[in-house]
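Heads up: the sequence shown is residues 55 to 121, going by our numbering. Input: a single structure, listed below in structure tokens.
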Amino acid sequence: MNEPILKTKGINLSDLNDEALIDLCATYPVLIERPILLHHGSACIGRPIENIVRLLSSGLDLDAVDP
55 MNEPILKTKG INLSDLNDEA LIDLCATYPV LIERPILLHH GSACIGRPIE
105 NIVRLLSSGL DLDAVDP
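What follows is the structure in structure tokens.
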């Protein structure tokens with residue numbers, strides 16, 4: 055995981071047990087904010103935002119999506 059907060063705080067995920075990982079995610083929810091976009095049979099993780107832009111710019115017709 056390449057989150058700035060981990061580097062800033064000097065946190066090594068492999069050093070943490072399950073309880074410490076849960077506490078870390080509760081303290082820094084940005085670590086688990088990973089929206090998933092499904093679009094015409096394709097999917098991407100929405101972080102970084104460029105992933106969403108790339109999927110939506112792939113020439114697919116957004117108006118043809120069923121709600």
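Backbone N, C-alpha and C fix where the C-beta goes; we use that ideal spot for every residue, glycine too. Here the structure is a predicted model, which is why all the values come from computation and not from measurement.
**OP:** Grab the span of the alpha helix (DSSP H) containing Leu60 for me, first residue to last.
**Re:** The residue given as residue 60 occupies position 6 in the sequence shown. That run of the alpha helix (DSSP H) goes 58-63.
**OP:** Under the assumption that Leu85 contacts Glu104 (Cβ atoms under 8 Å), give the Cβ distance between them as a whole number of angstroms.
**Re:** Numbered from 1 along the sequence shown, position 31 holds the residue referred to as residue 85. Numbered from 1 along the sequence shown, position 50 holds the residue referred to as residue 104. Leu85 to Glu104, Cβ: 19 Å. No contact.
Original post:
Can you check whether the CB of Leu78 is closer than 8 Å to the CB of Ile99?
Top reply: Indexing the sequence shown from 1 puts residue 99 at position 45. Indexing the sequence shown from 1 puts residue 78 at position 24. No, they are not a contact pair.
**OP:** Measure from the alpha carbon of Gly95 to the alpha carbon of each residue in Glu73, Thr81, Ser68, Leu110, then state which is nearest.
**Re:** For this step, residue 95 is matched to residue 41 along the sequence shown. Here the closest residue by C-alpha is Leu110.
Subject >> DSSP beta-bridge partners of Val98 >> reply: For the purposes of this step, residue 98 is identified with residue 44 of the sequence shown, where counting begins at 1. Per the sequence shown, residue 98 should be read as Cys rather than Val. In DSSP, Cys98 forms a bridge with Leu91.
Subject >> Rounded C-alpha distance that separates Arg101 from Leu91 >> reply: Your numbering for residue 101 matches position 47 in the sequence shown. Your numbering for residue 91 matches position 37 in the sequence shown. Their backbone Cα atoms lie some 10 Å apart in a straight line.
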